[in-house]
Amino acid sequence: MRILGKQGCFLGIACLVIGLFAPPASAAKHVILMISDGQGMGTVMATDFYNGNRAVYESFEGKYAMTTYSALGTYEPELGWRLFGSHLLNPTDSAAAATAMATGVKTYPGMLGKSPLFMDMKNMVETASTQGLATGVVTSVEVSHATPAGMVAHNISRNNYEQIAAQMIYDSDLDVIMGAGHPMFDNNGNPRLQEREYRYVGGEEVFEDLTDSDGARAKDGRYWSFMDERADFEALAQGTLSAGKVFGLARAATTLQQGREGNPQVVNESNRNPSVPSLSDMTLGAIRALSDDPDGFFLMVEGGAVDWANHSNEKGRMIEEQSAFNAAVSEVVAWVEENSNWEETLLIVTADHECGYLWGTDERAFVPVGDNGAGNLPAMVFHADTHSNVPVPCYVKGTGAGPFLDGLVDGTDPFFAELFSGFDPGFSGAFIDNTDLFLLMSRWLEGEDEGTNGAGHWFKGDLHAHSLHSDGNAPVAAVLNSAEDKGLDFFVLTEHDTDMFDSEDPGPVMPTHWDDPDYTSEETVLLYGVEWTTGKGHANAWAAAPFDYTPLWHANTGLDAVAAVYGAHDGDALFSINHPSAIFCCPWEYDVDNAVDTIEIWNSMYRIPNLNGWSSHPFWDAELLKGRRMTGVGGSDTHKLAEYASDPFAKIEAALFGHGNPTTWVYAEEKTGDAILRSLKNGHVSLSYAPDAERLDLVADRDGDGHFETLMGDNLVQTPGREVSFQIDIRNPAPPGWFAVPRVKELTAENLVKLVAGEVDLPALLGLLAGKDTYLVGVLKNGIPHRAWIVSGGATRVTFDDVPASRGRTYYRAELMGTPDLLLFQRLLYGRVKAVTNPIYVNFPAR
């Protein structure tokens, strides 16, 4: 069966990612993660001894022992090696291990892409995709099995194969999927006339969709090219076949070769399934397909059946499967050295866990596998048919990768080094954790983050406003005069698309206000924006220049928020969800796509009184906790100007709402549209309730040198247990009284708990905040109030130290509360919230 489906991009959207969405210039291009499932040092040694040669990755300079325990475990070298069999207690599984490598977060065995709190975590496929890279997974077992699924899926159970496969096909950012799990063939390549198993490919209907004349349509609007003939895999690997978005399903029910007939205890290459490609051909074919993206790619390759052989204690099949994996690694190394280089390509070769507890003697003793000469089975004994917590070898190649991982070393395992240094002196016993691989891969894609503070200037603006071109009451000239009178450095009119275009209009469409001759300013940088307006939610799209809005309009009429995001990015525009938890109108009811750039967390129009802390902020925090570095922005959503208001309600609205309420402050290199948009995307943003009101700056010292180089939006990579210093400054504070004494007093834990709980028995606190020069500065850690201070008498700075979470991700953001001017409308609009910062991130994915 050979179905090469159509490859066009949805609604004419370009397939390549450019401009704001291309990888940073300092980022590398390719990340290849190769996982031999179930491989321990015993597997490596046994295969080397039988073949009479070393695998290519054993020559890499970067070598580490790697711990693999799940969220339920830990690793203490002296305990594991004290008693034979101790490593078998509470091991991880492939789902939890793949999740750790793909997200940097430990989870429970059996779960995919979720935290221990059952929250979806941003994974490597999503991370690479938002960096503009192509992505793919290749495996020698079923395409929806735990390891490939762990790179891309989010599911409570690894056994929900149909759900997982459907997510990979329809709802993921993958460009290549290859593996086994064919419902029409058995493990010997023979057709199955009955008892066909469709679950690994999403069920029978999904399989029919994949294999029909069009192919299944993916999330990005392109169609999967289905292939299952060995010749097509080989042609793709050789570069003689181009197939675009590839779904390659080898003609085997569960594994390429491990499950075939024959004696599994001996190595026998003569009775192989002739209908399937090799893991090498699938790997090279995937690289050829992904290389069509000039920005680079992320590829995970799994030798999945090594684990299956070890579970069944099959010595011969284990060596066969590991040999096939080693051959695939050799193909990758050869491709890099011929077509790329080690400055732009990172290659990691490792395992998700050890399986089989493989040692060199039948005695219960830590004796390494023994060499009986090439072509002979080594001296090896399986002591279990399950996983273990024995550290696995990790080999890394790529310029700068070794020093980066050296900085993440958790400790030294002298027992590991003593056992295996005779076989490979490159292992010193230094061990990292599997979550560290995610940090390495993410940093490789994003480039070095040295901190942004000191490299720009603060500019203030309003990102959400209307005129007569939609449902505002004032002409463009009057709106811009208002923005300029507020001293705004940048501004954007975001007219409702539904007020400008007819639902039956096929396009092309062009927002009318962009051509308005009055939409010009010598003082203020004007962006080009539209409010994407549907019955299930609103969003803004902003760009530095006019762009083709037609794809977003088509997505509007189709109620397709994902297509709207793609359409915005195709036009080099940012996509921002508006008033997501609006009380009176239009909350966001779509799913939040991973590619969304910003979230409007402060919108005056839909906040009377200001309930940000109880509505939009939790919505934002929920996305941040997933590892999505979505920038929090503000927008006044101003519709009415007082001089054009005719009826009483319009006059009231005009009096209450104004441009720059709230104000979005952006730290950018220069006052240009492109620079402002880059900084918005990168999170270098702080919000105040007015252009001339207080603003908070949150910075951090990442290396303890006393220089606070890390700004809101930046990401730190920290080793467990390392303390970070933070500093918060109140900018443009109210002047203190004549006899004021600067004071900073931290709230006790008891009072902080009361404040968080909303208890009203804090009269002293409320009394203090009645003073115009008195503020409450609060820090939230992972969305939870962490510390708070009363700042008064002209004091403007708070400093504190904290240790981020030892594993996983941590973010810190700050809020400022106090009493604004004693005008009723300001109390109604802003309550006590005066300023909000974006987070500083620790160990987060690339943006």
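In my numbering, the protein residues as written are -17 to 829. Each residue gets a CB set at the ideal place from its N, CA and C atoms; glycine is no exception. Predicted model, so just to flag it, every value in this text is computed and none were measured.
Just curious, the alpha helix (DSSP H) that residue i is in, first and last residue?
i: W647; result: No alpha helix (DSSP H) holds W647; the beta strand (DSSP E) holding it covers 645 to 650.
i: V288; result: 287 to 293
i: A271; result: 261 to 272
i: S111; result: 106 to 112
i: Y143; result: 143 to 152
i: S598; result: 598 to 607
i: S464; result: 458 to 467
i: V188; result: 186 to 193
Helix, strand or coil, according to DSSP, for residue i in the structure here?
i: R660; result: helix
i: G511; result: strand
i: E179; result: coil
i: F529; result: coil
i: D481; result: helix
i: W324; result: coil
i: V723; result: coil
i: E783; result: Correcting the residue identity first, residue 783 is Asp in this sequence and not Glu. Residue state, collapsed to three classes: strand.
i: M133; result: coil
i: S774; result: strand
i: V13; result: strand
i: F473; result: strand
i: L541; result: coil
i: W440; result: strand
i: P91; result: coil
i: W63; result: coil
i: G298; result: helix
i: E728; result: strand
i: H446; result: coil
i: S370; result: strand
i: L610; result: One detail in the question is off: residue 610 reads as Arg in this sequence, not Leu. It is coil, neither helix nor strand.
Tell me, please, which residues DSSP counts as bridged to residue i.
i: A47; result: P375, F413
i: R713; result: R677
i: V547; result: DSSP lists no partner for V547.
i: E797; result: G760, V818
i: N697; result: Y823
i: G404; result: Looking at the DSSP assignment, G404 forms no beta bridge with any residue, so it has no partner.
i: H520; result: T515
i: D832; result: Only positions -17 to 829 of the chain appear in the structure, and residue 832 is not among them; the question remains open.
i: V331; result: M16, Y377
i: T506; result: DSSP output for T506 lists no bridge partner at all.
i: I766; result: K763
i: M362; result: M362 pairs with nothing; no bridge assigned.
i: M282; result: L15, V119
How far does the beta strand (DSSP E) with residue i in it reach, from first residue to last?
i: Y32; result: Careful: Y32 lies outside any beta strand (DSSP E), inside the alpha helix (DSSP H) at 23 to 33.
i: G230; result: 228 to 231
i: A116; result: 116 to 124
i: T580; result: 580 to 585
i: V574; result: Careful: V574 lies outside any beta strand (DSSP E) and carries neither H nor E.
i: L556; result: 556 to 559
i: T613; result: 613 to 617
i: V667; result: 667 to 670
i: M160; result: 158 to 162
Below 7 Å CB to CB, which residues in the same chain sit around residue i once its five sequence neighbours on both sides are set aside?
i: D168; result: R174, A235
i: R212; result: S257, V258, P259
i: L607; result: M101, N764, G765
i: L272; result: A116, G118, D157, V158, F279, L281
i: L70; result: Y339, A366, T368, S370
i: T216; result: Going by the sequence as given, residue 216 is Glu instead of Thr. Contacts found: P259, D263.
Residues in its own chain within less than 8 Å of residue i by CB, not counting five upstream and five downstream?
i: N354; result: F31, P360, A361
i: P569; result: G519, H561, P562, S563
For residue i, which residues of its own chain have a beta-carbon under 6 Å away from its beta-carbon, when the five flanking residues on both sides are left out?
i: K633; result: A627
i: L462; result: S503
i: P702; result: S788
i: P5; result: Confidence in P5 is poor, its pLDDT being 49 and thus under 50, which makes the residue's placement unreliable; the coordinate value appears in the next sentence. Closer than 6 Å at the Cβ level, and outside the excluded window around P5, lie Q113, G114, D277.
Does residue i come within less than 9 Å of chain D when only Cβ atoms are used?
i: L70; result: Included in the structure is just one protein chain, with no chain D present.
Throw me the rounded Cβ distance for the residue i and residue j pair, which I believe falls under 8 Å.
i: S618; j: S597; result: 17 Å between Cβ atoms; not a contact.
i: I414; j: D392; result: 6 Å
i: L678; j: A817; result: 4 Å
i: A37; j: N292; result: So it is not a contact: roughly 17 Å between Cβ atoms.
i: H478; j: E513; result: 5 Å
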